[in-house]
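Position one of the sequence shown corresponds to residue 327 (the working numbering), numbered consecutively onward.
Since the structure comes first, as structure tokens, the remarks are kept for the end.
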Amino acid sequence: MTNAEDLDGGLWIIAAIVRNGVCLARAYMDGNELTDIDRKRLWALISRTAQVGPPFNDEKFKKVEGPIFEFKSYQDRLLCFFDGERRIVITHGCKKKTNRARKEEITRALTLRAEYFA
327 MTNAEDLDGG
337 LWIIAAIVRN
347 GVCLARAYMD
357 GNELTDIDRK
367 RLWALISRTA
377 QVGPPFNDEK
387 FKKVEGPIFE
397 FKSYQDRLLC
407 FFDGERRIVI
417 THGCKKKTNR
427 ARKEEITRAL
437 TLRAEYFA
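Below is the structure:
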């Protein structure tokens with residue numbers, strides 16, 4: 327079963343997919359792949375977005391493909407989509423090691439989005 331939990335709220339609600347009891351974004355951000363500084367940067371980006379909305383800076387937030395967007399902090403990515411006017415749902419996190427978003431990560435985000443709306 328796929329649903330979402332709210333990570334932060336303000337003017338905007340930032341939520342994250344929960345699949346089989348695991349919040350995928352939180353698991354990525356709490357995992358060993360991130361340094362403390364990377365983790366703080368991502369949380370700051372989420373918190374700021376909840377307060378004022380998505381950044382207009384393409385280096386922090388941009389459309390990837392179709393309905394999928396990404397929060398960006400250096401090599402760290404949180405893929406997401408919009409659910410209504412002021413709700414962003416993060417599907418999962420990943421490291422970006424090439425110049426373009428990896429197709430399998432986009433496919434995973436699209437699959438999680440479809441499960442969320444099912």
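C-beta atoms are modelled at their ideal positions from N, C-alpha and C, and glycine is treated no differently.
Assuming contact is defined by CB atoms lying nearer than 8 Å, are residue i and residue j in contact in what I supplied?
i: residue 288; j: residue 353; result: For the chain, the structure presents residues 327 to 444; residue 288 sits outside this window and is missing.
i: residue 380; j: residue 414; result: yes
i: residue 402; j: residue 360; result: yes
Could you have a look at residue i and say whether DSSP puts it in helix, strand or coil?
i: residue 350; result: helix
i: residue 330; result: strand
i: residue 440; result: helix
I need the straight-line Cα distance from residue i to residue j, nearest angstrom please.
i: residue 404; j: residue 435; result: 10 Å
i: residue 391; j: residue 429; result: 10 Å
i: residue 346; j: residue 385; result: 32 Å
i: residue 365; j: residue 349; result: 16 Å
i: residue 400; j: residue 358; result: 16 Å
i: residue 407; j: residue 389; result: 9 Å
Which full runs of the alpha helix (DSSP H) of 4+ residues lie inside the segment 359–435, going along the chain?
Within the segment 359–435, the complete alpha helix (DSSP H) runs of at least 4 residues are 362–378.
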